[in-house]
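Q: This is the structure, below, for whatever I ask next.
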Amino acid sequence: MMDAATPIRFALAEIEVAMLEDGGFCIFCGEPSDNPVEPDARGYRCGACARHGVYGAEELLLMDLVD
Ligand SMILES: [Zn+2]
């Protein structure tokens, strides 16, 4: 389990795929969103960890969480 205060980082390749598929990821647990989200989605509820950490792919780029 990651420390909730430390958002995890994402690989550019997975973000690129997510951008094509309206995908998003949880910044707390790293799981992809169960449902399509808007590219600028912020703080949606995560189906995996139940925290409000799901962000759209473009938003993750803007937040500088992508390597
Ligand atoms: Zn999560």
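Position in the sequence shown counted from 1, then plus 19, gives you the working numbering. Virtual Cβ for every residue (Gly too), placed ideally from N, Cα, C.
Rounded to whole angstroms, what's the CA-CA distance from Leu81 to Pro55? Just pull it up for me.
A: Spanning the two alpha carbons is a distance of roughly 19 angstroms.
Q: Starting from Val73 and walking both ways along the alpha helix (DSSP H), at which residues does that stretch end?
A: No alpha helix (DSSP H) contains Val73, which is instead part of the beta strand (DSSP E) from 73–75.
Q: Hey, is Glu78 close to ligand 1, as in C-beta under 7 angstroms from one of its heavy atoms?
A: False, no ligand heavy atom lies under 7 angstroms from that Cβ.
Q: Please name the residue, chosen from Pro58, Ile27, Val36, that lies closest to Phe47 on a Cα-to-Cα basis.
A: Closest option to Phe47, Cα to Cα, is Ile27.
Q: Under 6 angstroms from any heavy atom of ligand 1, by CB: list those residues in chain order, please.
A: The filter returns Cys45, Phe47, Cys48, Glu50, Cys65, Ala67, Cys68, Arg70, Gly72, in chain order.
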